[in-house]
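The structure appears right after this line, and notes come after that.
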Amino acid sequence: FEPNKGAIGKAYKKDAKLVMEYLAICDECYITEMEKLLSEKGEFTVETEGKTFQLTKDMVNVKRFQKTLH
Numbered sequence: 001f002e003p004n005k006g007a008i009g010k011a012y013k014k015d016a017k018l019v020m021e022y023l024a025i026c027d028e029c030y031i032t033e034m035e036k037l038l039s040e041k042g043e044f045t046v047e048t049e050g051k052t053f054q055l056t057k058d059m060v061n062v063k064r065f066q067k068t069l070h
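39 is the number that the UniProt record's numbering gives to position 39 of the sequence shown; each next residue is one higher, with no gaps.
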């Protein structure tokens with residue numbers, strides 16, 4: 001995921017850090033699933049530390065890239 005820190009910060013203030021940390025540790029399967037929800041509904045929900053956060057297309061992008069190992 002590539003989060004939009006400004007949009008997430010504006011929406012969730014001090015809880016924005018929780019959202020960012022959660023997005024940083026998501027695995028490939030979860031990201032693919034959420035990408036599908038984003039394209040169908042324009043939003044998805046994440047739950048971390050007992051709190052629920054609604055994320056929209058302007059808050060998060062899905063970036064796919066390959067790492068080149070030498």
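Where is the CB? At the ideal position from N, CA and C, for every residue including glycine.
Any non-hydrogen atom of the ligand MG closer than 7 Å to residue i Cβ
| i | result |
| --- | --- |
| residue 33 | With respect to small molecules bound, the structure shown includes none, and the ligand MG cannot be examined in it. |
Coarse secondary structure for residue i, derived from DSSP in three states
| i | result |
| --- | --- |
| residue 33 | helix |
| residue 51 | strand |
C-beta contact flag for residue i and residue j at 8 Å
| i | j | result |
| --- | --- | --- |
| residue 23 | residue 49 | no |
| residue 60 | residue 21 | no |
Start-to-end residues for the alpha helix (DSSP H) that takes in residue i
| i | result |
| --- | --- |
| residue 8 | 5–12 |
| residue 17 | 16–24 |
Cβ-based burial, residue i [other Cβ within 10 Å; buried from 16]
| i | result |
| --- | --- |
| residue 25 | exposed |
| residue 38 | buried |
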